[in-house]
Every structure is written in C-alpha cells, then in structure tokens.
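First to last, the sequence lines map onto chains A and B.
Each residue of the first sequence is one higher than the one before, counting from 1 in the numbering used here.
Each residue of the second sequence is one higher than the one before, counting from 1001 in the numbering used here.
Cβ coordinates follow ideal geometry from the N, Cα and C atoms, glycine included.
For clarity, every value in this text was computed on a predicted model and none was experimentally measured.
Below is one structure, written out as structure tokens, with a few remarks after it.
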Amino acid sequence: EPEVTQTPSHQVTQMGQEVILRCVPISNHLYFYWYRQILGQKVEFLVSFYNNEISEKSEIFDDQFSVERPDGSNFTLKIRSTKLEDSAMYFCASRKTNGQGSGANVLTFGAGSRLTVL
Amino acid sequence: KQEVTQIPAALSVPEGENLVLNCSFTDSAIYNLQWFRQDPGKGLTSLLLIQSSQREQTSGRLNASLDKSSGRSTLYIAASQPGDSATYLCAAYNFNKFYFGSGTKLNVKP
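This is the structure in structure tokens:
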C-alpha cells in the first residue's frame, strides 16, 4: 500500500528557531497539503499545493510559513521563526487528482511530525 | 466558511454493539466527504470517501451515508470490536480544502 512518509517524527526546538518538516507524497499524486493539529483540537488546513505553486492557504499560513517541492519528490514545510503556539502535530497529505472517481479523491495522510517549541 | 460538527464527542459501547456516528456540515455544496480514523498520537487513516453524487459507501463492517441536502453524514459500524476504539473524524471537501470535525472518540469495551 503506497504511503505518505514524514520526517522527523518528533522535533523539539527553541522559540525563534527555523524548522523544516519533510514529506514524501505518494509518487503519482499531484495535490499536496499540510494540516496541523494542536493537542486536543481540530485538524486545521494550512496550505494546498499543485503544479509547483500554492493553490490555497489559510489565515494560519502567514509569512512565517513556506512550502517547497525542491526536487520533484519531497514536499517541505518551513517555519522561519517558531513560536510557542506552533507546537502541534503537522500532517502532510496528498491525493491523486481533483476529478471524479472514488479512488482519485481519497486524501492520504502521513503519520505526522510532532513539533514541540520550548 | 464551512463548519463541520460531530456528535457525540465521545461514545462508550460494549463489544458487539452496532453504532452510528454523526457528522453535519453547514455548506451543502461539498465535492465529497471522507471519514478517517485516528489512533492516539498517530496519523489519520482513511476509512471511506463518498462523492457528492453518491448516497453511501461500504467497506467491511463500515457503512457511510451522505445526505447533502440536509448537510449530514453518518458512519455506521456493525458488530463493534475493541480494536475499533479510536477517534473518528469526518472531513468535508469544498472551497479547495477539507474541513474537519472535532471527532468522536469511540471506546469499545470487551
């Protein structure tokens, strides 16, 4: 079963430091997403990415956040200067297409990267 | 903006019982709706996806229904097992993103 792979599984950082979270989406998927889940809260949308550009972003995704697909397989989320409130589980997700067909639209999540900001 | 609500927030049932989890959404113009399972500290595992043109989907002991006009979806779990204990999330897709509910935490007692 193809899967979305995320690294690291857990990162502890000091406030103000830069963090890069990495994701390897399923190889034939074209739509990529980052979500986050603060402990005990809802899964929140951060950003979607298609055709090498951001297609949608939430109000959470401010100038401190950026995404890249540097080499055609990895998909990264960078937080430039972490804050305490950035502590959360960050999930990468991908799906094949935006069209009809039940298999094509299934959103597949990675296991998540837990970020702890001290 | 889409708002997704799940009730109940928590549910505890004895093993073998059939149960229904509810999901409601405020904007009926969804493209599809997906149900996920989340184990503590883990990622989200896709269970079922229902396209907007479909009424229901089945996988094993799971059956998900969708009523767009009323803004509701249900996840029916037949003959529940302790291994079904987890948090179940629904997510509605429109406006180019998935909107998640807060989840129903299910505990199936042996």
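Nearest to Asn52(A) by alpha-carbon distance, out of Thr76(A), Asp86(A) and Ser58(A), is Thr76(A). The residues Thr82, Lys83, Leu84, Val117 and Leu118, in chain order, have a CB closer than 7 Å to that of Met15(A) in the same chain once the five nearest residues on each side in sequence are set aside. For Asn105(A), the C-beta contacts it makes with chain B under 9 Å involve Tyr1031, Asn1032, Gln1034, Leu1049, Gln1051 and Tyr1093, in order along the chain. For the segment 1068 to 1098 of chain B, the set of residues with a beta-carbon nearer than 9 Å to any beta-carbon of chain A comprises Leu1089, Ala1091, Tyr1093, Phe1095, Asn1096, Lys1097 and Phe1098, in chain order.
Shown here, Pro1014(B) sits in a strand according to DSSP, grouped into three states.
Taken through DSSP and simplified to helix, strand or coil, Leu107(A) comes out as coil. Residues Leu1019, Leu1021, Thr1104, Lys1105, Leu1106 and Asn1107 of the same chain have their beta carbon placed closer than 8 Å to that of Leu1011(B), with the five preceding and five following residues left out of the count. Nearest CB-CB separation between Ser1024(B) and chain A: not below the 8 Å threshold. Per the C-alpha coordinates, the member of Lys1001(B), Ala1029(B) and Gly1101(B) positioned closest to Lys1068(B) is Ala1029(B). Where Ser1046(B) is concerned, the enclosing beta strand (DSSP E) starts and stops at Leu1044 to Gln1051. Any Cβ of chain B closer than 8 Å to the Cβ of Val67(A) would place that residue at the interface, and such an atom is absent. Rounded to whole angstroms, the gap between the alpha carbons of Leu1066(B) and Leu1033(B) is 8 Å. Contact between Phe109(A) and Gly1043(B) holds: their C-beta atoms lie close to 5 Å from each other, under 8 Å. Looking at the DSSP output, Leu1066(B) sits in a beta bridge with Ser1073(B). Under the Cβ criterion of 8 Å, Lys1042(B) is counted among the residues facing chain A. Contact between the segment 30 to 38 of chain A and the segment 1084 to 1091 of chain B is absent: fewer than 3 CB-CB pairs across the two stretches fall below 8 Å. In this structure, DSSP gives Glu85(A) a helical state, which the three-state scheme calls helix.
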